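Structure first, commentary second.
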Amino acid sequence: MGYHIFGIGNALVDKEFEVEDTFFEKAGIEKGVMTLIDEEKQQQLLALLMDEYGLKKRACGGSAANTIIGASYFGAKTFYTCNVANDESGDFYASDLQAAGVATNLGADREEGTTGKCLVMVTPDAERTMNTFLGITSELHEGHIHEDAIAASEYVYIEGYLVTGDTSRAAAIQVRELARKHNVKVAMTCSDPAMVQYFRDGILEILGEGVDLLFCNEQEAMLLTETASVEEAVEALKQKAANFAITCGSDGAVAWDGSTLHQIAPHAVTARDTNGAGDMFAGAFLYAITHGHDFAAAGRLASAASAQIVSQFGPRLEAEQHEPLKQHLNG
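Convert by adding 647 to the 1-based position in the sequence shown; the result is the number in my numbering.
Put into structure tokens, the structure is as follows:
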């Protein structure tokens, strides 16, 4: 069976909380970025959050997982490679992927350990701040990769967060190389400005001689290309990716299809939670271009879908919310 998209990324159980800005000062947390923490610190933070705010939502997450699940709900055939433990959180993760119709490497033979968790804290301005304990997902390695599934795919999709670990970065590079071997297109996301800021050399290593499609936001685009404006970044990115899409928040997005730069109009919504917006943008975009649509149509769908994500709580849409969004493919 063929796949439209083969994804590789971290497997994290997301726990979402609505918090006040003052909480960050009290807990000593940097707002608006993803910070890696150890298990003990996460347990302390989790206890504090549960005590003060209560859990809002739990879902199987990780940047690429959100993208793959979004694409799957739109109708793409997908495969996701990741690593969770044989604990309750791992069981939850595997069944959540299965429920979304995503094929996966996860079987009953999962290793002992602790499944990674991400505490997502959303403030009244809708910004998301994440504190992550990677757990066993940091041990994602080349042995988790199914070459047959890659060979049967139209695109592979690589998550930038994999840059933080030596084995996971090597696995990401292996996926890129196997895709090239089997003439499969390579898509990648930068994932988070902190990844480009602190691990730029690693991100460039994963990009290699360039990818077919790169997703980033404006801050990541400028950090990656060491430029001072989106316009400059657009020109510089042409050396690193054959095609790319840059999301620009409430200003919409731009997408380069190799010959034309498409301006993608935003959808005016009241932002409630920005968590998962970039992931959904990529999922909708990949669904569209693997189903015969051009970059203009893909951009319209991606813009509408990510706006819908932002206007509600949680990093993903419900299954039944995807089909009505497809009207945007027709302009």
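The beta carbon of each residue, even a glycine, is placed where N, CA and C say it ideally should be. Every value quoted in this text rests on a predicted model; they were computed, and no experiment measured them.
When the beta-carbon positions are compared, A750 and H651 stay at least 7 angstroms from each other. The beta carbon of L861 sits closer than 8 angstroms to those of A834, M835, T836, C837, L854, L884, K887, A888, N890, F891 and A892, all from its chain and outside the five residues before and after it, given in chain order. Only residues of its own chain outside the window of five on either side were considered, and among them S719 have a CB closer than 6 angstroms to the CB of G748, listed in chain order. Here S800 is buried. Its C-beta has 16 or more other C-beta atoms within 10 Å.
Distance from the CA atom of F721 to the CA atom of H975, rounded to whole angstroms, is 13 angstroms. The beta carbons of L766 and N752 sit no closer together than 7 angstroms.
At least 7 angstroms separates the beta-carbon of A902 from that of F928. By the criterion of a C-beta distance shorter than 8 angstroms, A674 is surrounded in its chain by L692 and L695, once the five residues flanking it on both sides are discounted. Straight through space, the alpha carbons of T917 and S953 are spaced by roughly 12 angstroms. DSSP, read as helix, strand or coil, puts K724 in coil. In this structure F726 touches A796 by the C-beta definition: roughly 5 angstroms separates them, less than 8 angstroms. DSSP, reduced to helix, strand and coil, places V822 within a helical segment of the structure shown. By a beta-carbon distance limit of 8 angstroms, Y802 contacts L933. Their separation comes to about 6 angstroms. Going by DSSP, Q910 is part of the beta strand (DSSP E) stretching over L908 to I911.
For G812 and A818, the gap between their C-alpha atoms comes out near 10 angstroms. Taking C-beta separations shorter than 7 angstroms and ignoring five residues to either side along the sequence, the partners of T761 in its chain run E686, A732, D734, G782 and I783, following chain order. The beta carbons of L809 and C729 sit about 10 angstroms from each other, so the pair does not count as a contact at 8 angstroms.
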